[in-house]
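In my numbering, the protein residues as written are 45 to 175.
Backbone N, C-alpha and C define an ideal beta-carbon position, used for all residues, glycine too.
Since we're looking at a predicted model, the values are computed, not measured.
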Amino acid sequence: MKNYKYSALILRVAHKLAGKPVRVRFREHEGLYGCCRADNFGILTIDIEPGLAQELFLKVFLHELVHAKYDKFHNISLEKTENSRAKENWFTSLKELRAETIAELWFQRAEQNRDKTKPYLEGCLCSLLEL
């Protein structure tokens with residue numbers, strides 16, 4: 045998250061909402077805005093497309109945090125899976141629905157309770173620390 049203005053705040057929110065340490069990186073993935081997985085050592089890693097608009101970033105970030113909080117991951121090399129996707133089946137569809145539902149609730153809470161004296165993303169992230 046080098047050179048990202050709110051990187052420390054993003055990591056604090058990630059740890060708070062996921063309930064465990066989560067690494068957040070800005071990396072491109074073909075056809076994906078975000079991806080969550082565990083590396084070879086079991087460290088949860090969220091990769092997010094760099095350059096997203098703040099609102100879209102927040103939605104993608106929260107969606108991937110739900111996966112970090114609730115899903116189980118096998119340790120894999122992050123480099124080997126650059127363009128891999130989970131197979132579509134009823135179970136992955138259910139996990140995606142759960143992620144979308146919870147992320148939307150968190151997003152609404154962030155927007156409704158954000159400090160409007162701060163920049164949009166900073167205000168939203170700060171409000172999430174109070175969940």
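What whole-angstrom Cβ distance do residue i and residue j have, given they're in contact under 8 Å?
i, j, result
"A154", "L173", "10 Å between Cβ atoms; not a contact."
"L149", "Y50", "Not confirmed; about 21 Å, so no contact."
"R81", "I120", "6 Å"
"K113", "G63", "6 Å"
Nearest-angstrom Cα distance between residue i and residue j?
i, j, result
"T161", "N133", "44 Å"
"Y164", "E93", "19 Å"
"G106", "F85", "A small correction: the amino acid at residue 106 is Leu; Gly does not occupy that position in the sequence shown. Straight-line Cα distance between these residues: approximately 23 Å."
"I87", "G78", "16 Å"
"L151", "V104", "With the sequence shown as reference, residue 151 is identified as Phe, and Leu is not the correct amino acid for it. Each residue's alpha carbon lies about 10 Å from the other."
"E99", "R67", "20 Å"
"A58", "L175", "12 Å"
"L96", "L141", "22 Å"
From the DSSP output, which residues share a beta bridge with residue i?
i, result
"V66", "L88"
"G78", "I92"
"N133", "BP columns for N133 are empty, so no partner."
"N119", "A82"
Would the beta-carbon of residue i fall within 7 Å of that of residue j?
i, j, result
"A143", "H118", "no"
"L102", "L61", "no"
Once the 5 residues before and after residue i are set aside, which same chain residues still bring their CB inside 6 Å of it?
i, result
"A52", "none"
"N157", "S171"
"Y48", "none"
Tell me which residues share the same chain as residue i and place their Cβ nearer than 7 Å to its Cβ, disregarding the 5 neighbours each side in the sequence.
i, result
"I146", "V110"
"G167", "R158, D159, K160"
"L55", "V68"
"R71", "D91"
Excluding the 5 residues flanking residue i on each side, which residues of the same chain have their C-beta closer than 8 Å to its C-beta?
i, result
"K139", "H111, Y114, D115"
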